[in-house]
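Chains as they are written, first to last, in the numbering used here: chain A, 1091 to 1253; chain B, 39 to 300.
Backbone N, C-alpha and C fix where the C-beta goes; we use that ideal spot for every residue, glycine too.
Working notes, structure below.
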Amino acid sequence: MDLSPRTLPDTAASPTPSRRRWAPIVLVALVLVAGGVIVTQFLRSAVDYYCNVDEIGRRDGCEEHRRLRVQGTVDAGSVHTDGARTAFTISFHGATLPVRYDGQPGGIFEECQPVVVHGELVNGTFEGDRVEVKHSNEYVAENADRLDSGDVSAESGTCSPPA
Amino acid sequence: MIGEHVADTLATEPSAASDDVASSGTATRATRLLGAAALVGVAWLAAFGLGFSPADRDQRESVRILYVHVPSAWLAYLAFVVTAVASGLYLFRRSHALGWDRVAGASAEVGVLFMGITLVSGMLWGRLTWGVFWEWDARLTTTAFLFVTYVGYLAVRGLGGSHQQRARRSAVLALLAVLEIPLVHWSVRLWRSLHQEATVLRPDGDVKMDGLMLFTLFVGIVAFTLMYAWLVVHRQRTLAAEDAADDAGLDRALAARRAEVG
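As structure tokens, this is what we get:
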């Protein structure tokens, strides 16, 4: 390798920087924008209080006429589908809340599943516009469950296994 | 320039740098073995993930997505930690060896790939289980932010300047960015979150997962780790070749200039 000192560049005749790479600069700018969008979306969503059913009316922020996220378990036998609307009740620690939702919840929605409903509490009924099924961090094989699900329902007392 | 190759232990042959880059590939006997092991691991994962492991009681067949989702998330964490360690070795050792910088860059690229796989597979699983592709929940948001941070890291590496400038800038960024990982990991405990808490990496060690599912997850981790190592070694070597080609171009330009002046 040539280690002799480099001669000074001829500044008068030096060409303009041969390559200014614009793609990475644009990418850095896009990344900053994307980071900002992510943070603002998170903060906007965090504005909706995340309440358990039994905290409604008790915990600060979990009251009527403001957007909430309510977590509870769908009660057995409470799901009624009427065309495009779905009505059901959710419970958490003994408290129960009726929910109405315009549409059919997706995912693994069914009785006895814990859900999070986004919406607003109006005259004692939760008007939901988004239903998400929560999944616990427990994983059980499909055919090994007969005893397990019986145990779970005996514990909670409110939810018998779906027929 | 002299010290540059000293710590460049992973490069195929340091002397190949400016001589015959084109003629030497990036594979060696060791990497071929590693690649074969990774292939076997992926086949093993496919057999267990798609065949032998049972469906879940609630999620049914969609639980199989987790055998890709969880290993890729862990490997992305590992990749970003390796990037941070290599960046520290570059920055705080007096030799400022560019070999460590290239390891950092290669690991971050593979980490971004795995993080992308984590996000896409997680969204598919979320649609099937939660009913929605996306929710601005703590775990999802912090993961998306981590992904974007490392895309930014790769962009900063491409900003130009000398190799040492690139290495210095990106090393500082990597040491800051890695601090996001604990936030992502514990986000499910810090905030009320739709995403479930950890099943395996939990403090009390009480893993509530079917045995065969857990084993399949373990197979996934092994397969993805082998794949990660294979990708990083190769990428690190192509980066070394790229740098060498840049240097060779610079040397040629200097020689031409000298001939012109002389």
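**Asked** Can you check whether the CB of residue 278 of chain B is closer than 9 Å to the CB of residue 212 of chain B?
**Response** Stepping through the second sequence from its first residue, residue 212 of chain B is reached at position 174. Stepping through the second sequence from its first residue, residue 278 of chain B is reached at position 240. No.
**Message:** Strictly by DSSP, which residues pair up with residue 1218 of chain A?
**Reply:** Taking the first sequence and counting its residues from 1, one reaches residue 1218 of chain A at position 128. BP columns for residue 1218 of chain A point to A:1191, A:1209.
**Message:** According to DSSP, is residue 1155 of chain A part of a helix, a strand, or is it coil?
**Reply:** In the first sequence, counting from the first residue as 1, residue 1155 of chain A sits at position 65. Residue 1155 of chain A: coil per DSSP, three-state reduction.
**Item:** Straight-line Cα distance separating residue 296 of chain B from residue 267 of chain B
**Value:** Indexing the second sequence from 1 puts residue 267 of chain B at position 229. Indexing the second sequence from 1 puts residue 296 of chain B at position 258. Residue 267 of chain B and residue 296 of chain B: Cα-Cα distance of roughly 43 Å.
**Asked** If you measure from the beta carbon of residue 1113 of chain A to each beta carbon in chain B, is any gap under 9 Å?
**Response** Residue mapping note: residue 1113 of chain A aligns to position 23 of the first sequence, counting from 1. At least one chain B Cβ lies under 9 Å of residue 1113 of chain A.
**Message:** By the 8 Å beta-carbon criterion, what residues does the region 1192-1222 of chain A contribute toward chain B?
**Reply:** 1195, 1196, 1197, 1198, 1199, 1203, 1206, 1220, 1221, 1222
**Asked** Is it the case that the Cβ atoms of residue 234 of chain B and residue 1227 of chain A are separated by a distance below 9 Å?
**Response** Numbered from 1 along the second sequence, position 196 holds the residue referred to as residue 234 of chain B. Numbered from 1 along the first sequence, position 137 holds the residue referred to as residue 1227 of chain A. Yes, the pair counts as a contact, with Cβ atoms nearer than the cut-off.
**Prompt:** Helix, strand or coil for residue 98 of chain B per DSSP?
**Reply:** Here residue 98 of chain B is taken as the residue at index 60 of the second sequence, counted from 1. If DSSP states are grouped into helix, strand and coil, residue 98 of chain B belongs with the strands.
**Request:** Return the first residue and the last residue of the beta strand (DSSP E) that residue 155 of chain B is part of.
**Result:** Walking along the second sequence from the start, residue 155 of chain B turns up at place 117. Element bounds for residue 155 of chain B: not the beta strand (DSSP E) but the alpha helix (DSSP H), 136-167.
**Item:** Residue interval of the alpha helix (DSSP H) (run including residue 1170 of chain A)
**Value:** Counted from its first residue, the first sequence places residue 1170 of chain A at position 80. Looking at the DSSP string, residue 1170 of chain A is not in any alpha helix (DSSP H); the run it does join, the beta strand (DSSP E), is 1170-1172.
**Prompt:** If we ignore side chains and look at the alpha-carbon of each, how far apart do residue 1137 of chain A and residue 175 of chain B end up?
**Reply:** As a working mapping, residue 1137 of chain A is identified with position 47 in the first sequence. As a working mapping, residue 175 of chain B is identified with position 137 in the second sequence. Approximately 12 Å between the Cα atoms of the pair.
**Prompt:** How many Å lie between residue 1224 of chain A and residue 1148 of chain A at the Cα?
**Reply:** Locating residue 1224 of chain A in the first sequence gives position 134, counting from the first residue. Locating residue 1148 of chain A in the first sequence gives position 58, counting from the first residue. C-alpha separation (whole angstroms): 23 Å.
**Request:** Would you list the one or two residues that DSSP bridges to residue 1177 of chain A?
**Result:** Sequence index remark: in the first sequence, residue 1177 of chain A carries index 87 (1-based). Bridge partners of residue 1177 of chain A: A:1170, A:1190.
**Prompt:** Looking at the C-beta of residue 1231 of chain A, does it have a partner C-beta in chain B at a distance below 9 Å?
**Reply:** In the first sequence, counting from the first residue as 1, residue 1231 of chain A sits at position 141. Closer than 9 Å: yes.
**Asked** Do you know how far the Cα of residue 156 of chain B is from the Cα of residue 100 of chain B?
**Response** Numbered from 1 along the second sequence, position 62 holds the residue referred to as residue 100 of chain B. Numbered from 1 along the second sequence, position 118 holds the residue referred to as residue 156 of chain B. In a straight line, the C-alpha of residue 100 of chain B is about 15 Å away from that of residue 156 of chain B.
**Message:** Pop quiz: residue 159 of chain B and residue 142 of chain B are said to be a contact at Cβ under 8 Å. What is the actual Cβ separation, rounded to whole angstroms?
**Reply:** Residue 159 of chain B sits at position 121 when you count from the first residue of the second sequence. Residue 142 of chain B sits at position 104 when you count from the first residue of the second sequence. Contact flag wrong, Cβ pair sits at about 26 Å.
**Request:** Please go through the same chain and pick out, in chain order, the residues whose beta-carbon is closer than 8 Å to the beta-carbon of residue 237 of chain B, but skip the five residues on each side of it.
**Result:** In the second sequence, the residue the question calls residue 237 of chain B occupies position 199. The answer, listed in chain order, is 245, 246, 247.
**Request:** Check residue 291 of chain B in the structure and name its three-state DSSP category.
**Result:** For this step, residue 291 of chain B is matched to residue 253 along the second sequence. In this structure, residue 291 of chain B counts as helix in the three-state DSSP scheme.
**Asked** Which residue's Cα is closest to the Cα of residue 144 of chain B: B:188, B:298, B:171?
**Response** The sequence position of residue 144 of chain B within the second sequence is 106, counting from 1. For the residues B:188, B:298, B:171, the minimum Cα distance to residue 144 of chain B belongs to B:188.
**Asked** Whose CA, out of B:109, B:70, B:209, lies closest to the CA of residue 252 of chain B?
**Response** Taking the second sequence and counting its residues from 1, one reaches residue 252 of chain B at position 214. Residue 252 of chain B has its Cα closest to that of B:109, out of B:109, B:70, B:209.
**Message:** With H, G and I counted as helix, E and B as strand and the rest as coil, what does DSSP make of residue 1203 of chain A?
**Reply:** Here residue 1203 of chain A refers to the residue found at position 113 when the first sequence is read from its first residue. Coil.
**Message:** Could you compute how far the alpha carbon of residue 1158 of chain A sits from the alpha carbon of residue 273 of chain B?
**Reply:** Mapped onto the first sequence, residue 1158 of chain A falls at position 68. Mapped onto the second sequence, residue 273 of chain B falls at position 235. Those two C-alpha atoms are separated by around 48 Å.
**Item:** residue 1093 of chain A - DSSP class collapsed to helix/strand/coil
**Value:** Against the first sequence, residue 1093 of chain A aligns to sequence position 3. Coil.
**Item:** Any chain B beta carbon closer than 9 Å to residue 1228 of chain A
**Value:** Your numbering for residue 1228 of chain A matches position 138 in the first sequence. Interface residue, yes.
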